[in-house]
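One structure is given below, encoded as structure tokens.
Residue numbers (the UniProt record's numbering): 1 to 102.
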């Protein structure tokens, strides 16, 4: 259901089937959001608040790292790499901000 919701955001003007899919999935995801456990409930809330299509992947990466950790079945190497990548990017942003502020 969540993937259909995200896919429906790729609609173009006049694509009625995707408009219907978006309203259907939004309604049903809001219903189940409070009934499912973490991390799925958090993932649903984040998707409704800001769908992937309307967000910047680097800005939401940290929340997805936490969600992925919540499933408990993650690949440890992938998790370490994701955290390292996020920290390196943060460090680069700090360096750039310091250069701008000089």
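Glycine residues also receive a C-beta, built at the ideal position from the N, C-alpha and C atoms. Being a predicted model, the structure only gives us computed values, none of them experimental.
Residue i burial status per 10 Å Cβ neighbour count (16 or more: buried)
{"i": "residue 38", "result": "exposed"}
{"i": "residue 25", "result": "buried"}
{"i": "residue 22", "result": "buried"}
{"i": "residue 44", "result": "buried"}
{"i": "residue 71", "result": "exposed"}
{"i": "residue 56", "result": "exposed"}
Local conformation of residue i per DSSP, three classes
{"i": "residue 63", "result": "helix"}
{"i": "residue 102", "result": "coil"}
{"i": "residue 58", "result": "helix"}
{"i": "residue 53", "result": "helix"}
Proximity test, residue i beta-carbon vs the ligand COA heavy atom, cut-off 7 Å
{"i": "residue 58", "result": "Within the structure as shown, the ligand COA is missing, as the structure has no ligands at all."}
Contact under 8 Å by Cβ, residue i with residue j
{"i": "residue 54", "j": "residue 9", "result": "yes"}
May I have a chain-ordered list of the alpha helix (DSSP H) segments no shorter than 4 residues that lie completely inside the UniProt domain "Terpene synthase N-terminal" (1-47)? 2-8, 16-33
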